[in-house]
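Position 93 of the sequence shown, counted from 1, bears residue number 104 in the UniProt record's numbering, the numbering being contiguous throughout. Contents: one structure, followed by commentary.
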Amino acid sequence: TPVAAVIPAAGRGVRLGPGAPKALRALNGTPMLIHAVRALAASRRVSLVIVVAPSDGTEEVKSLLDAHALPERTDFLVVPGGDTRQESVKRGLDALPPEYGVVLVHDAARPLVPVDTVDAVIEAVGAGAPAVVPALPLADTVKEVEPAAEAGAPEPVVATPERARLRAVQTPQGFDRTTLVRAHETVTDDVTDDASMVEQLGLPVVTVPGHEEAFKVTRPLDLVLAEAVLARRRL
Ligand code: CTP
Ligand code: MG
């Protein structure tokens, strides 16, 4: 079954600081979004990429896609995003043509995901999992706290989940199309990843190994790391 990728790229990037929308910021001279599109289109299995652009930036994103070399076997669509990531993904799904039975959702903010990770996710969906997430063990111990009202105030620790059982999840997350569409129609809570909506439907979600280079560009230091990874790849 054909595989499509939806790339939510409509966020402002508040945590990265002032400037252009995060997905349009340059990494080694090329917009982050273009790196992300190339990373997904690098998979021979992905035949359509739907970019969910900042709502006032669809024309700019279309010109960027035209201006950069991208594989000819891949089709591209650009749709305007919404106020939340969830809404942006939904708009991407609404634009998905009927023939695509498998859909990947990939953050534009993870521009350096290796193609092997993309293919591992697709393979696990093909093997029958309705939802697949790339995941890595944590380096830091994680604590649950009672969040303080003001930023910076001390927060009481509530619990310490066993680190060995925790995973940090990345994208692309892969889905049976019908399952993801149903999740978006059913779940109304705010979520920070797509697979958690499938969990709320009571359906199984499985992990495959993630990759360090699939990290999310969130804060300024992440830009430094991303450019260092690109420099290392050129060696
Ligand atoms: N995203 C989106 N539409 C939104 C919000 C986020 O398409 N309304 C996308 C972002 O462009 C990004 C991905 O979702 O590719 C992951 O979100 P995140 O890393 O949080 O990016 P931003 O929301 O842009 O950053 P911040 O939360 O710091 O503002
Ligand atoms: Mg955000």
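Just so you know, even glycine gets a beta-carbon here, dropped at the ideal spot from N, CA and C.
- By the neighbour-count criterion, in which 16 or more other beta carbons inside 10 Å mark a residue as buried, T85 falls on the buried side.
- P42 is bridged by DSSP to A37.
- The beta carbons of P65 and P32 sit about 5 Å from each other, so the pair counts as a contact at 8 Å.
- Minimum Cα-Cα distance from I18 among the listed residues G137, K101, E71, L81 corresponds to K101.
- Under DSSP, the beta-bridge partners assigned to D86 are L59.
- In this structure, the beta-carbon distance from R56 to K227 does not fall below 8 Å.
- Rounded to whole angstroms, V126 and T171 show a C-alpha spacing of 34 Å.
- Cβ contact annotation for V136 (same chain, cutoff 6 Å, sequence separation greater than five): V113, V143, G185, in chain order.
- Here the alpha carbons of T152 and L123 stand approximately 25 Å from one another.
- Remark: three or more beta-carbon pairs, one from each stretch, lie closer than 8 Å, so the stretch 35 to 52 and the stretch 233 to 242 are flagged as touching.
- Here the alpha carbon of V14 sits roughly 23 Å from the alpha carbon of T197.
- Here DSSP, grouped into helix, strand and coil, assigns T203 to coil.
- A residue is called buried once 16 or more other Cβ atoms fall within 10 Å of its Cβ, and G28, having fewer, is exposed.
- Counting other Cβ atoms within 10 Å of its Cβ, P220 stays below 16 and is therefore classed as exposed.
- Counting along the chain, R188 sits inside no beta strand (DSSP E); it lies in the alpha helix (DSSP H) bounded by residues 188 to 197.
- The C-beta distance from T128 to A225 rounds to 6 Å, short enough to fall under 8 Å.
- For V153, the three-state secondary structure derived from DSSP is coil.
- Beta-bridge partners of A80 (DSSP): none assigned.
- In the DSSP annotation of this structure, the continuous segment of the alpha helix (DSSP H) that includes R243 starts and ends at 231 to 245.
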